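Each remark here refers to the structure printed beneath this line.
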Amino acid sequence: MALKQLAILALVALTLGACEEQRSRGASRHNIPIPSATYALMSEKGMNKDQPVLIRSYKKESELEVWKRKADGRYALLKTFPMCRWSGQLGPKVREGDRMAPEGFYAITPAQMNPNSSYYVSFNMGYPNAYDRSLGRTGAHLMVHGACSSAGCYSMTDDQIGEIYALVREAQNAGQRAVQMQALPFRMTPENLAQHRLDPNIAFWKNLKQGSDYFEVTRDEPAVSVAGSRYVFNGGSEPAEVAQKEHQDASRIAALVAKGTPAIRLVYDDGDQHPSFKRALAAGGAEALNRTASWASRDVGISREDALASGPRVVVLDDKGRAKATVRAASADENAILAAVSAAPVEEAAKPETAKTEPVKAEAAKPATKPVAAPAMTQLARVQPGNAEPGPALASAGSAPVQDKTLLQRTLGFVPLFGGSAPDATQSAAPVADVAVQVPGTPSNVTAPLPPRRATNLRTSRLDSSPAAYASQFAGTR
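Just so you know, we're using my numbering here: the sequence shown kicks off at 197 and counts up by one.
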């Protein structure tokens, strides 16, 4: 009996730590067809079902893209899917149970495809990969699946994951051994990198940007390896046009910082979803987001519906990476974030206490007060490989953009993007001020039609991700 209880406890722990999968369901869905509309779209773009595919996902924008390699050998965007749910925060998954969806470069093989998933169909991302293992990271069963519910996964509607699954399956059936998935925190634009320049994950994100830049310039997937607890792309070689893009982006980041682009950090209640789904949630509640098809018999409800009621908290940072104000954004949309930052109160410098005028009774000398420990997040940032800590300022607000390449590399920490060594952990960015920045264009193909409704008697799970504890790790945040 004791052995049986231990087995049950182990299963419960695994379920709480990730999007646990079951392969025992009898009705196989491995032959889900590609929708006729998608066939027509492929034909219009000069593609076919047998050509290789590549997947890119973006947490902040809550979007997932499917690319196909055309006859000329270059990948082209087939379709952008609005993401129904991801959990946790921006940043990589570190340990089992942290509710973080992975970030990095992953390979999806035929063995990782699961047509009998408890969440309609799914595929395993392959976490932990070689990079994750080099840092001792833990976790398992990290998926892209349906059901619009996440505990560390990227979750779509059933109709969406059925289409994505079919596209991957057909490419694999035609001979593609592994589908590359580039899981990114946000679109790697200068605007995003300027805003998040003081985040503890910035060194890791700039490493991801190297692979992202290679793909965006060449339209070919980078060869990925790991060395020194860093991703290495194409054996470390870099085409001249990729280096040029990186230099242009670094110059743009320097100009944005010099203009006073605020440094921020986003704190989510528990992940997010695309605005199109949020509108459905606001209009019809959880039932409007219960998008699993009628085949489902397992009770899979919306994960933490309450966490989707509003946008993330925006922590505005000073030039040393310390929180000086925290405001709630209406959504994760760039315009909403900038509006929230513009309305953030300006924190005044602390004034020294006035000396007392009345006589004070003499007391025995007391030992010096023990220094207060740094906030938990700061301590983590100092011990995790690849994390950057705040350092000297780049330039005063309103100063001219930095033109010297060496200075750009040193002050922004973009040395690896020019083919040099890893950035020094003490490099960081500039003082901040409230100013609008250029907002990248909105991708197309992000409509989100509602699939059939689920049964009305299904419950909604409300797993506690303790957002207050996460937010309070910034001194002065609250």
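A virtual CB, placed ideally from N, CA and C, is assigned to each residue, including glycine.
Just so it is clear, the structure is predicted and the values come from calculations on it, not from any experiment.
Ser313 burial status per 10 Å Cβ neighbour count (16 or more: buried): By the neighbour-count criterion, in which a residue is buried when 16 or more other Cβ atoms sit within 10 angstroms of its Cβ, Ser313 is buried.
Contacting residues, own chain, Cβ-Cβ under 6 Å from Ser408 (five flanking each side not counted): Met384
Member of Glu417, Glu434 and Leu462 whose CA lies at the smallest distance from the CA of Phe374: Note that residue 374 is Ala in the sequence shown, not Phe. Selected option, being the one with the closest Cα: Glu417.
Close-in-space but distant-in-sequence residues of the same chain around Pro297 (CB under 8 Å, 5 per side omitted): The sequence given here places Ala at residue 297; Pro does not occur at that position. Same-chain partners within the cutoff: Lys255, Trp282, Ser283, Gly284, Lys289, Leu338, Ser346, Gly348, Cys349, Tyr350, Ala379 and Gly467.
Any C-beta of chain D under 9 Å from that of Gln247: Looking at the structure shown, chain D is missing, and only one protein chain is on hand.
Bridge partner(s) assigned by DSSP for Ala419: None; Ala419 has no bridge partner.
Cut-off 6 Å between Cβ atoms - residues of its own chain near Asp514, not counting five sequence neighbours on either side: Short of 6 Å from the beta carbon of Asp514, and not among the five residues preceding or following it, lie these beta carbons of its own chain, in chain order: Lys520.
Inter-residue spacing [alpha-carbon to alpha-carbon] between Val249 and Ile230: 14 Å
Closest residue to Phe301 among Leu404, Arg509, Ala439 and Ser506 (Cα-Cα distance): Leu404
Secondary structure of Ile228, DSSP reduced to three states: coil
Secondary structure of Ala336, DSSP reduced to three states: coil
Residue(s) in a DSSP beta bridge with Asp246: None; Asp246 has no bridge partner.
Inter-residue CB distance, Val510 and Ile533 (contact presumed, cutoff 8 Å): 6 Å
Best match in Tyr410, Ser433, Ser447 and Ala459 for proximity to Tyr271 [C-alpha to C-alpha]: Tyr410
At least 3 beta-carbon pairs within less than 8 Å: the stretch 383–398 vs the stretch 307–323: no
Burial state of Gly371 (16 or more Cβ within 10 Å): Burial call: exposed.
Continuous alpha helix (DSSP H) stretch holding Thr684: start and end: No answer is possible for residue 684: it lies beyond the span of the chain, which begins at 197 and ends at 674.
For Leu260, the nearest candidate out of Gly335, Ile357, Tyr327 and Ala343 (CA to CA): Ile357
Close beta carbons around Phe277, own chain, < 6 Å, minus the five adjacent residues each side: Leu260 and Gln356
Per-residue DSSP class, three states only, for Asn312: coil
Residue range of the alpha helix (DSSP H) that includes Ser330: Ala326 to Ser330
Ala236 - partner residues in DSSP beta bridges: As DSSP reads the structure, Ala236 sits in no beta bridge.
Paired residues, beta bridge with Leu513 - DSSP: Bridge pairing for Leu513: Ala459 and Ala519 [DSSP].
Neighbourhood of Asp529 by C-beta, 6 Å cutoff - its chain only, sequence neighbours within 5 removed: none
Local conformation of Arg448 per DSSP, three classes: helix
Val422 versus Arg518: straight-line alpha-carbon distance, rounded: 32 Å
Leu534: first and last residue of the uninterrupted beta strand (DSSP E) it sits in: Judged by DSSP secondary structure, Leu534 falls outside any beta strand (DSSP E) and instead within the alpha helix (DSSP H) spanning Glu530 to Ser538.
Short Cβ contact (9 Å threshold) for Val523 with Ala505: no
Sequence-distant residues of its chain with Cβ nearer than 6 Å to Ser258 (five each side left out): Met279, Asp468, Gln469 and His470
Pair within 9 Å by beta-carbon distance, Val463 and Pro396: no
Nearest neighbour of Tyr235, chosen from Pro541, Leu452 and Ile360 [CA to CA]: Ile360
Pairwise C-alpha distance: Asp465 and Phe429: Straight-line Cα distance between these residues: approximately 34 Å.
In DSSP terms, what Thr276 is bridged to: Glu261
Beta-carbon proximity check, Leu274 vs Met243, cutoff 9 Å: yes
Residue closest to Ala326, alpha-carbon to alpha-carbon, out of Ala439, Glu299 and Thr457: Glu299
Member of Ala451, Val453, Gln308 and Met377 whose CA lies at the smallest distance from the CA of Ala419: Ranked by how close their Cα comes to the Cα of Ala419, the residues Ala451, Val453, Gln308 and Met377 have Met377 in first place.
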